[in-house]
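S.K.:
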Amino acid sequence: MSKKHILLVNDIAGYGKVATAAMLPILSYLGHPVYNLPTALVSNTLDYGKFKILETTDYIKDVFPVWKELGFTFDAIATGFIASERQAKLVADFCREQAERGTTIFVDPIMGDEGKLYNGVTPATINSMREMISVADLTFPNYTEACYLTSSKYDEKGVNFEEAKRLLDALRLIGTKSAMITSILIDGTPSVVGYNHVTDKYFSLPYTEIPVHFPGTGDIFSAILIGHLLDGELLIPSTQKAIDGVYKLIDLNKDNKDKNRGIPLEKYLQVL
Numbered sequence: 001m002s003k004k005h006i007l008l009v010n011d012i013a014g015y016g017k018v019a020t021a022a023m024l025p026i027l028s029y030l031g032h033p034v035y036n037l038p039t040a041l042v043s044n045t046l047d048y049g050k051f052k053i054l055e056t057t058d059y060i061k062d063v064f065p066v067w068k069e070l071g072f073t074f075d076a077i078a079t080g081f082i083a084s085e086r087q088a089k090l091v092a093d094f095c096r097e098q099a100e101r102g103t104t105i106f107v108d109p110i111m112g113d114e115g116k117l118y119n120g121v122t123p124a125t126i127n128s129m130r131e132m133i134s135v136a137d138l139t140f141p142n143y144t145e146a147c148y149l150t151s152s153k154y155d156e157k158g159v160n161f162e163e164a165k166r167l168l169d170a171l172r173l174i175g176t177k178s179a180m181i182t183s184i185l186i187d188g189t190p191s192v193v194g195y196n197h198v199t200d201k202y203f204s205l206p207y208t209e210i211p212v213h214f215p216g217t218g219d220i221f222s223a224i225l226i227g228h229l230l231d232g233e234l235l236i237p238s239t240q241k242a243i244d245g246v247y248k249l250i251d252l253n254k255d256n257k258d259k260n261r262g263i264p265l266e267k268y269l270q271v272l
């Protein structure tokens with residue numbers, strides 16, 4: 001099977017295995033040629049409290065005409081952290097142009113978790129992510145992000161499946177074709193819920209949660225999910241493989257002392 005060429009549009013952290021540094025080795029291991037466009041250079045993972053971010057919007061603005069002149073195209077684009085509304089507009093317009101040529105667009109609207117926005121994320125970021133979702137074939141926010149994106153109330157006790165379906169429908173109204181919500185409690189059980197536009201069906205996949213926190217696990221989930229989807233696998237089994245892969249990686253690294261760095265690179269490929 002011919003492997004798909006994928007462009008990662010995400011930040012690069014100088015200290016920490018997250019974002020591009022987490023996704024690139026997994027997708028490469030799965031055999032897909034990977035290219036990258038940094039949305040920001042970040043000094044370290046945001047969990048340390050202090051950080052420095054260099055936005056790359058002007059660079060991105062100059063890159064797209066060069067790529068167009070050279071005729072570069074991609075089978076898929078996966079977007080993550082977006083640094084500003086101006087950057088979101090540039091990236092979304094590029095994704096829209098590529099989608100018209102058959103490129104599949106994946107959007108991970110990275111903004112927050114556990115009911116709160118991440119350090120350095122502002123309300124303007126929400127509008128930026130809505131712009132990105134408007135061009136997506138598949139978006140997969142966590143429960144916190146889904147609530148912010150749809151202006152819904154966050155409930156730390158979670159929701160039932162019917163309420164989750166309404167959240168998915170609200171995401172679809174923004175423009176995405178298929179949608180998933182990760183890290184959501186469905187009737188008290190940690191789950192990933194989704195809507196597949198190909199089958200016009202909703203689904204819910206429960207999982208066992210390990211009570212530790214690592215930055216970058218969402219990026220790992222994204223990479224495993226996208227890697228299998230690009231191999232032609234269906235959405236539900238691809239999602240299950242991503243759930244299982246993240247669980248195994250967290251279990252392997254749960255005793256690491258400095259969890260803010262993310263999961264060590266050498267552990268990525270042992271479970272795929």
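Residue 232 in the working numbering is what sits at position 232 of the sequence shown, and the numbering runs on without skipping anything.
Cβ atoms here follow ideal geometry from the backbone N, Cα and C, with glycine treated the same way.
Note that the structure is a prediction, hence the values are computed from the model and not measured.
(1) Does the segment 145-152 come close enough to the segment 57-76 that 3 or more CB-CB pairs lie under 8 Å?
(2) Report back the beta-carbon spacing between T182 and F221 to the nearest angstrom; my notes put them in contact at under 8 Å.
(3) Count the other CB atoms within 10 Å of the CB of K153; is the residue buried (16 or more) or exposed (fewer)?
(4) With which residues is M180 paired in a DSSP beta bridge?
(5) Below 8 Å on the Cβ atoms is my guess for I243 versus Y207; work out the distance and round it to an integer in Å.
(6) Would you please state the rounded distance, in angstroms, between the beta carbons of T39 and I82? I believe it to be under 8 Å.
(7) I want to know whether the segment 61-68 touches the segment 17-35 - three or more CB-CB distances under 8 Å.
(8) Going along the chain, which residues of its own chain have a beta-carbon closer than 7 Å to the beta-carbon of E114, five neighbours each way excluded?
(9) Could you tell me whether the Cβ atoms of G232 and I263 are closer together than 8 Å?
(10) How big is the Cα-Cα spacing for L230 and N196?
(11) Taking the beta carbon of N160 as the centre, do at least 16 other beta carbons fall within 10 Å, making it buried, or is it exposed?
(12) What span of residues does the alpha helix (DSSP H) with D244 cover, start to end?
(13) Buried or exposed, going by whether 16 or more other CB atoms sit within 10 Å of the CB of T122?
(14) With a threshold of 16 other CB atoms inside 10 Å of the CB of N10, please say whether the residue is buried or exposed.
(15) Can you look up I226 in the DSSP assignment and give me helix, strand or coil?
(16) Hey, which unbroken runs of the beta strand (DSSP E) at 3 residues or more fall wholly within the segment 19-79?
(17) Considering N10, what are the terminal residues of the beta strand (DSSP E) in which it resides?
(18) What first and last residue would you give for the alpha helix (DSSP H) that runs through Y143?
(19) Compare the Cα-Cα distances from E85 to each of R130, I53 and I105 and report the closest residue.
(20) Assign R96 to buried or exposed, taking buried as 16 or more other Cβ atoms, counted over all protein chains shown, within 10 Å of its Cβ.
(21) Beta-carbon separation of P25 and K3 under 8 Å?
(22) Could you give the C-beta distance for V135 and A92, rounded to a whole number, given that I count them as a contact under 8 Å?
(23) So I184 and A164 are in contact, right, with Cβ under 8 Å, and what is the actual spacing, rounded?
(24) Considering F161, what are the terminal residues of the beta strand (DSSP E) in which it resides?
(25) With distance defined between alpha-carbon atoms, name the residue in L234, V246, S204 and I174 nearest to P109.
M.R.: Judging by the given coordinates:
(1) No, they do not touch.
(2) Confirmed, Cβ separation roughly 7 Å.
(3) Classification for K153: exposed.
(4) Bridge partners of M180: G194.
(5) About 5 Å separates the beta carbon of I243 from that of Y207, a gap short enough to meet the 8 Å contact definition.
(6) At roughly 6 Å, the Cβ-Cβ gap stays under 8 Å, so T39 and I82 are in contact.
(7) In short, these stretches do not touch, since the Cβ pair count stays below three.
(8) Excluding its 5 nearest sequence neighbours in each direction, E114 has C-beta neighbours in its own chain below 7 Å: T144, listed in chain order.
(9) Cβ atoms of G232 and I263: not closer than 8 Å.
(10) CA-CA distance, L230 to N196, rounds to 16 Å.
(11) With fewer than 16 other Cβ atoms within 10 Å, it is exposed.
(12) Taken as a continuous stretch (DSSP letters only), the alpha helix (DSSP H) holding D244 covers L235 to N253.
(13) Label assigned to T122: exposed.
(14) So N10 counts as buried.
(15) Looking at I226 - three-state DSSP - the assignment turns out to be helix.
(16) If we require 3 residues or more, the beta strand (DSSP E) runs fully inside the segment 19-79 come out as 34-42, 53-55 and 76-79.
(17) Note, N10: beta strand (DSSP E), I6 to A13.
(18) Per DSSP, Y143 belongs to the alpha helix (DSSP H) from Y143 to T150.
(19) It is R130.
(20) When all chains shown are included, R96 counts as exposed.
(21) No.
(22) Taking the Cβ atoms as the reference, V135 lies roughly 5 Å from A92, within the contact range of under 8 Å.
(23) Right, their Cβ atoms sit about 6 Å apart.
(24) Counting along the chain, F161 sits inside no beta strand (DSSP E); it lies in the alpha helix (DSSP H) bounded by residues F161 to I174.
(25) Checked all of L234, V246, S204 and I174; the closest Cα to P109 is I174.
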